[in-house]
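Since the structure comes first, as structure tokens, the remarks are kept for the end.
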Amino acid sequence: MTAGETPTEATESPETPEGPGPTGSDAIPGGPRRRGPLAHVLAANAVSITGNSLTLVGVPWFALETTGSPAKAGLVAFCATLPVVVAAIAGGPIIDRTGRRRISIISDTVCAISVATIPLLHYADLLHFWMLCALMAVTGLFHAPGETARYVLLPQLAVIAGTPIPRAASIFDAVSRGARMAGAALAGVLIALTGAETVLLLDALTFAGSALLIYFGVRNVAAAEPSKNTRPVSLRTYTGELREGYSFLLRDPLLFGITLMVMLTNGLDQAWSAVLLPVHAKENLGGAGELGMLVALFAGCALLGALLYGAIGERFPRRVVFTVAFMIAGAPKYVGAALTDGTVPLALILAAGGIGAGMINPILTTVVYERVPDALRSRVAGVTVAGALLTTPLGGLAAGFLIEQVGLWTTLWVLGGTYFAANLAPAIFPCWRELNSTPVDALSKTAPSPRRPAREGTPRRPGGK
């Protein structure tokens, strides 16, 4: 689960991939290393996330330009994010059965077609508002599974390449954040120079490029093919596995508290990124160039924050770092936008907020690994990711409605105050004290039998742009 960033990023950092290690052609006890597949996946993910950042900036701006209505821009954001929740809940089994390589290619191909259709229909004067909503829904539904499929390939591809898995994961995260930053900056410049339609066409090309990289670069990799060990699909099997994830989460007060907190703040982050910041940029900051610069600045500082936490974060109590990081990353940007119409003050606030946001997910990821048995991790992750994304469709919708009813200034204060209240949870509720503790059996826990609920003492966490 991802916190302190845009909700679409919640799907960009799933839990540590599970499943069998490299076998067959993937196993290289002493054989030649194959770095090509890993390099192609990293490149494809960078290209795809760049496109996703173009969408993040370009679509809200396009909606505002073509409709002039913050409420309609919020409705477009709702249509784009609701399918992401569906994909988070149902995507895992589909990826396993279809194959990670195939899912990645299908995902990016469909996204390329749907995104390209928007400006093409607009140029032909055939684009209606409902079409924009429908095309964004298709993009949201297909993008997340493709990104997840690439992520879960990492351990196997790292082994094939002879690269330590932690190093490969760090490179993956750094490349993803860098692509997010570059895409946002590029979107702002292109919108200012050529219009939002051009950004969407470039977005479509990035998705197509990602699909081609996976098609030609990831071949003869057993881990990328459909799983041969999956149980037959049935409603009973699916609901049983889903129930195990929910049961485990509900028995762990810390994980449950984290899920609730991130659920609320992700909705507020979506309101900010999809509606509030674009409207503020359009009305007060000067336009799309400033919007792209601010989004890129936040993403770049989030990368810096993640690197900073990796270097020195473990020297400090997690609860303190987590609370302070969330306080910096959340409410201040709303207050800053409400109090000033200048770009520089808001840029400084977002720079500090980005550093804070970058420290949040490493803490959440560590807590999950410590508290969730390996055999249950994917099920618990599915539940927590779905929970974290549950409010994101409503974030943009609510923000657009509030702006039209009470104005931008009041909306910023209302949502900023709500964010601040949510940030108090780690400092107030006793269950958050466990954030500083490491279960004695954290690295050796095994899951209970799938047919029986886990026993007491097996707890864990939730987390993406």
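For the sequence shown, position 112 (counting from the first letter as 1) is numbered 115 according to our numbering, and the numbering increases by one without interruption. Heads up, the beta-carbon is just placed ideally off N, CA and C, and yes, glycines get one too.
Asked: Pairing CB atoms from the segment 354-367 with CB atoms from the segment 48-66, are three or more of them under 8 Å?; Found: no
Asked: At what residues does the alpha helix (DSSP H) containing Ser213 begin and finish?; Found: 199-220
Asked: For Ala214 versus Ala140, is the C-beta spacing smaller than 8 Å?; Found: no
Asked: Taking the alpha carbon of Ile108 as the reference point, which residue from Pro167, His125, Ala211 has its own alpha carbon closest?; Found: Ala211
Asked: Which class does Arg104 belong to by DSSP, given the choice of helix, strand or coil?; Found: helix
Asked: Threshold first: 4 residues or longer. Then list the alpha helix (DSSP H) segments lying entirely within the segment 126-184, N to C.; Found: 132-155, 157-164
Asked: Is it a yes or a no for the segment 270-278 touching the segment 387-406, going by three-plus beta-carbon pairs under 8 Å?; Found: yes
Asked: Any idea if Gln408 is buried or exposed, counting beta-carbon neighbours within 10 angstroms, 16 or more meaning buried?; Found: exposed
Asked: Which one of Phe145, Leu67, Lys285 has the shortest CA to CA distance from Leu85?; Found: Phe145
Asked: Between Ile366 and Val282, which are expected to be in contact by the criterion C-beta below 8 Å, what is the C-beta distance as a whole number of angstroms?; Found: Contact doesn't hold; Cβ gap of about 32 Å is too wide.
Asked: What residue range is occupied by the uninterrupted alpha helix (DSSP H) comprising Ser56?; Found: 39-70
Asked: Please return the same chain residues whose Cβ sits closer than 7 Å to the Cβ of Tyr422, not counting the five positions on each side in sequence.; Found: Thr268, Leu271, Gly333, Ala334, Tyr337
Asked: Only counting the same chain, and skipping five residues up and downstream in sequence, which positions put a Cβ closer than 6 Å to that of Gly186?; Found: Thr53, Ser56, Leu57
Asked: Please name the residue in Leu411, Val347, Val298 whose C-alpha comes closest to that of Val192.; Found: Val298
Asked: With distances taken from CA atoms, which of Thr368, Leu342, Pro348 is nearest Thr413?; Found: Leu342
Asked: So Leu258 and Arg374 are supposed to be a Cβ contact under 8 Å. How far apart are they, rounded?; Found: 6 Å
Asked: Taking 8 Å as the threshold (C-beta atoms), are Leu252 and Val383 in contact?; Found: yes
Asked: Can you tell me which of the three DSSP states Pro376 falls into?; Found: coil
Asked: Following the continuous alpha helix (DSSP H) through Glu293, name the residue where it begins and the one where it ends.; Found: 291-315
Asked: Is the beta carbon of Val88 less than 8 Å from the beta carbon of Ala389?; Found: yes
Asked: My guess is that Arg322 and Trp435 are in contact by the Cβ rule of under 8 Å, so how many angstroms apart are they, rounded?; Found: 6 Å
Asked: For the alpha helix (DSSP H) containing Arg322, list its first residue and its last residue.; Found: 321-332
Asked: Quick one: what's got a C-beta closer than 6 Å to Ala430's C-beta in the same chain, skipping five residues either side?; Found: Thr326
Asked: Under three-state DSSP, which class holds Arg239?; Found: helix
Asked: For a minimum of 4 consecutive residues, which ranges assigned as the alpha helix (DSSP H) are wholly contained in the segment 377-442?; Found: 380-392, 395-409, 411-426, 428-431
Asked: Taking the C-alpha atoms as reference points, what is the distance between Arg103 and Val44?; Found: 11 Å
Asked: How would you write the range of the alpha helix (DSSP H) that Val282 sits in, first residue to last?; Found: 280-283
Asked: Rounded to a whole number of angstroms, what is the C-alpha to C-alpha distance between Ala305 and Phe329?; Found: 12 Å
Asked: Using the Cα positions of Phe65 and Ala199, report the straight-line distance between them to the nearest angstrom.; Found: 5 Å
Asked: Which whole-angstrom value describes the C-beta separation of Thr346 and Glu293, a residue pair presumed to lie in contact below a C-beta threshold of 8 Å?; Found: 5 Å
Asked: In whole angstroms, what is the alpha-carbon distance linking Ser179 and Leu349?; Found: 24 Å
Asked: Count the other CB atoms within 10 Å of the CB of Gly165; is the residue buried (16 or more) or exposed (fewer)?; Found: exposed
Asked: What are the boundary residues of the alpha helix (DSSP H) that includes Asn269?; Found: 256-274
Asked: For Gly61, I'd like the list of residues in its chain whose CB is within less than 7 Å of its CB, leaving aside the five on either flank, ordered along the chain.; Found: Ala190, Ile194, Ala199, Val202, Leu203, Asp206
Asked: Thinking Leu160 and Pro40 are a contact (beta carbons under 8 Å), I'd like their distance in whole angstroms, please.; Found: 5 Å
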